[in-house]
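A.B. asks: So for the sequence shown, our numbering puts the first residue at -1; every next one is plus one. Beta carbons: idealized from backbone N, C-alpha and C, even for Gly. My questions all concern the structure below.
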Amino acid sequence: MPQFAYKAKKDDGSVVTGTLQAESERSALDSLGRMGVFPMQIESREEDKVTARAQAAPRQVARKVKAADIALFTRQLADLLRAGVPLNRGLNTLATQTTNLTLAETIRDIEKQVSTGATLHEALARFPKVFSGLYISMVRAGETGGFMEDVLHRLALFIEKDQELRSRISSAMAYPILLIVIGTFAIGFLMVFFIPRFSEIFKKMGDGLPLPTQIVMGVSYFMRDYWMFVFMGLVALMFGWTRLTAVAAGRRVIDRLKIRIPLFGDIVKKNAVSRFARTLGTLLKSGVAILAALDISKAAMANAVLMEDIDEASAGVKQGKGLAEILRQSRYFPPMVTDMIAVGEEGGNLDEVLVNVADSYDVQVERAVRVFVALFEPALLLVMATLVGFIVIAMLLPVFTLSTMVK
């Protein structure tokens, strides 16, 4: 009969270890339950050998942990816990299966922390670059309330929904971005390599060149002869932008400008409201206190100007005011949203109402992005056509002038 090594926790919090014989892991878990202890880790001696071989296998190069990897890990862990697999055992299984080396090592480290008596949220908190404050807070609430599996499933759904919306927005913006890149390279090629070939032809005309031709030739010469300064200017611009966004005052200025851009600002506001509502609703549904949930949800908005309104909302809630009452004073939360929040507060189902608001606004964001792209694409094509047309006409004007002089 197979032998299993186990680590379990008694009701008084003390940890015990030992071995027992059972026909299967499920039977071993049942035996531990009858002993009145909570299993933290259980492993077959045969499976230890399998795990050792898996850990000795060559691994891929470490890479960034994507949201899709976190969602898959979360859903699989929830399924394992729901099937009765101990937390420690489930983490060990997922660590050997994941294809992302960084996440695999992270899970393995978490498993070690849990084995030494740490709670799951305490172990997760050691990796703030992998697991967000939302993730850790929800896991903590799940551990406290005893509904970890439900919380993990909810987390996986939250991450998947967020990634789905991001993916749709990225797909919609892919073609306009491609147009910008191709157009920039095409115009740059014309200015640096094509236009200078006309210099010898037009040199004899001297100051007699038409003004548009002189402008195009001047820009072309500058880009060709002083390309290093152009490159350094672009690098300085990127560095300045990075420094500006790293400062709170700079981020506030940029975020305020984003909101004021026609059409695009509407997308920014709706997306921020959607992310705030979904995050807050998910946290409240998982048992996180309202003030802590507001603090975490604020960061999901990714806009310094809108985050200031949530700070005011948190201060008002501390004073006993309703969330809807405070958000009604904001210019960025539509009346429909605040009215729905008020109904949720009165009916005691604020978490469900917020998730419904997020679902509704996800649809609105997607529709707004489609409208923006539908208007932006022809405008972009018009700008590019105008630039290319100006360059072509500027190069043809001297030819027309020469032909007129010959006649």
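CB residue 150 to CB residue 134, shorter than 8 Å?
C.D. replies: Against the sequence shown, residue 150 aligns to sequence position 152. Against the sequence shown, residue 134 aligns to sequence position 136. Cβ distance not < 8 Å, so residue 150 and residue 134 don't count as in contact.
A.B. asks: DSSP beta-bridge partners for residue 19?
C.D. replies: Counted from its first residue, the sequence shown places residue 19 at position 21. 1.
A.B. asks: Under the assumption that residue 180 contacts residue 72 (Cβ atoms under 8 Å), give the Cβ distance between them as a whole number of angstroms.
C.D. replies: For the purposes of this step, residue 180 is taken as residue 182 along the sequence shown, with counting starting at 1. For the purposes of this step, residue 72 is taken as residue 74 along the sequence shown, with counting starting at 1. Actually they are not in contact, since the Cβ atoms of residue 180 and residue 72 sit about 39 Å apart, beyond 8 Å.
A.B. asks: Apart from the five residues on each side of it in sequence, which residues of its chain come closer than 6 Å, Cβ to Cβ, to residue 269?
C.D. replies: Along the sequence shown, read from residue 1 onward, the residue named residue 269 stands at position 271. 363, listed in sequence order.
A.B. asks: My output table needs one value for residue 6: the three-state DSSP class, helix, strand or coil.
C.D. replies: Position 8 of the sequence shown, counting from 1, holds the residue named residue 6. Three-state result, residue 6: strand.
A.B. asks: First and last residue of the alpha helix (DSSP H) that includes residue 95?
C.D. replies: Within the sequence shown, numbered from 1, the residue matching residue 95 stands at position 97. Residues 85 to 95.
A.B. asks: Taking just the CA atoms, how far does residue 105 sit from residue 335?
C.D. replies: Numbered from its first residue, the sequence shown carries residue 335 at position 337. Numbered from its first residue, the sequence shown carries residue 105 at position 107. One C-alpha to the other measures close to 39 Å.
A.B. asks: Pull up the CB-CB distance for residue 257 and residue 266, whole angstroms please, since I reckon it's below 8 Å.
C.D. replies: As a position in the sequence shown, residue 257 is number 259, starting the count at 1. As a position in the sequence shown, residue 266 is number 268, starting the count at 1. About 6 Å separates the two Cβ atoms, so the contact holds.
A.B. asks: Taking DSSP as the reference, what is the three-state secondary structure of residue 251?
C.D. replies: Taking the sequence shown and counting its residues from 1, one reaches residue 251 at position 253. Of the three classes helix, strand and coil, the one that applies to residue 251 here is helix, per DSSP.
A.B. asks: Helix, strand or coil for residue 13, going by three-state DSSP, please let me know.
C.D. replies: As a position in the sequence shown, residue 13 is number 15, starting the count at 1. Three-state DSSP puts residue 13 in a strand.
A.B. asks: Which word fits residue 380, buried or exposed, when buried means at least 16 other C-beta atoms lie within 10 angstroms of its C-beta?
C.D. replies: As a position in the sequence shown, residue 380 is number 382, starting the count at 1. The residue is exposed, with fewer than 16 neighbouring Cβ atoms inside 10 Å.
A.B. asks: From which residue to which residue does the alpha helix (DSSP H) around residue 269 run?
C.D. replies: For the purposes of this step, residue 269 is taken as the residue at position 271 of the sequence shown. Residue 269 -> alpha helix (DSSP H) spans 262 to 283.
A.B. asks: How big is the Cα-Cα spacing for residue 177 and residue 370?
C.D. replies: For the purposes of this step, residue 177 is taken as the residue at position 179 of the sequence shown. For the purposes of this step, residue 370 is taken as the residue at position 372 of the sequence shown. Going from the Cα of residue 177 to the Cα of residue 370 covers about 15 Å.
A.B. asks: Could you tell me the alpha carbon to alpha carbon distance between residue 67 and residue 128, rounded to whole angstroms?
C.D. replies: One-based indexing of the sequence shown puts residue 67 at position 69. One-based indexing of the sequence shown puts residue 128 at position 130. Counting only the Cα atoms, residue 128 lies some 10 Å from residue 67.
A.B. asks: Which same chain residues, not among the five before or five after residue 166, have their C-beta less than 6 Å away from its C-beta?
C.D. replies: Counting from one through the sequence shown, the residue named residue 166 turns up at place 168. Around residue 166: 364.
A.B. asks: Between the alpha carbons of residue 326 and residue 333, how many angstroms are there, rounded?
C.D. replies: Counting from one through the sequence shown, the residue named residue 326 turns up at place 328. Counting from one through the sequence shown, the residue named residue 333 turns up at place 335. One C-alpha to the other measures close to 7 Å.
A.B. asks: Starting from residue 174, trace the alpha helix (DSSP H) in both directions and tell me its first and last residue.
C.D. replies: For the purposes of this step, residue 174 is identified with residue 176 of the sequence shown, where counting begins at 1. Where residue 174 is concerned, the enclosing alpha helix (DSSP H) stretches over 146 to 187.
A.B. asks: Tell me where the alpha helix (DSSP H) around residue 70 begins and ends.
C.D. replies: As a position in the sequence shown, residue 70 is number 72, starting the count at 1. Counted as a single uninterrupted DSSP element, the alpha helix (DSSP H) harbouring residue 70 occupies residues 65 to 80.
A.B. asks: Would you call the region 353 to 363 and the region 267 to 286 in contact, with 3 or more CB pairs under 8 Å?
C.D. replies: yes
A.B. asks: Report the CB separation of residue 250 from residue 302 in whole angstroms; it is logged as a contact under 8 Å.
C.D. replies: If you number the sequence shown from 1, residue 250 lands on position 252. If you number the sequence shown from 1, residue 302 lands on position 304. Confirmed, Cβ separation roughly 4 Å.
A.B. asks: So the alpha helix (DSSP H) residue 104 belongs to, where does it begin and stop?
C.D. replies: Numbered from its first residue, the sequence shown carries residue 104 at position 106. From DSSP, the alpha helix (DSSP H) with residue 104 extends over 99 to 113.
A.B. asks: Ends of the alpha helix (DSSP H) at residue 316?
C.D. replies: The sequence position of residue 316 within the sequence shown is 318, counting from 1. Residue 316 -> alpha helix (DSSP H) spans 302 to 316.
A.B. asks: Checking 8 Å against the spacing of the C-beta atoms, do residue 79 and residue 162 come in under that value?
C.D. replies: Here residue 79 refers to the residue found at position 81 of the sequence shown. Here residue 162 refers to the residue found at position 164 of the sequence shown. No, Cβ-Cβ distance for residue 79 and residue 162 is not below 8 Å.
A.B. asks: Considering only their Cβ atoms, is the gap separating residue 289 from residue 319 smaller than 8 Å?
C.D. replies: Mapped onto the sequence shown, residue 319 falls at position 321. Mapped onto the sequence shown, residue 289 falls at position 291. Cβ distance not < 8 Å, so residue 319 and residue 289 don't count as in contact.
A.B. asks: Determine whether the beta carbon atoms of residue 349 and residue 279 lie at a separation below 8 Å.
C.D. replies: Sequence index remark: in the sequence shown, residue 349 carries index 351 (1-based). Sequence index remark: in the sequence shown, residue 279 carries index 281 (1-based). Against a cut-off of 8 Å, the Cβ pair of residue 279 and residue 349 comes out as a contact.
A.B. asks: Note down the Cα distance separating residue 372 from residue 145, rounded to an integer number of angstroms.
C.D. replies: For the purposes of this step, residue 372 is taken as the residue at position 374 of the sequence shown. For the purposes of this step, residue 145 is taken as the residue at position 147 of the sequence shown. Approximately 45 Å between the Cα atoms of the pair.
A.B. asks: By how many angstroms is the C-alpha of residue 88 removed from the C-alpha of residue 411?
C.D. replies: Within the shown structure, residues of the chain are numbered from -1 to 405, placing residue 411 beyond reach of any answer.
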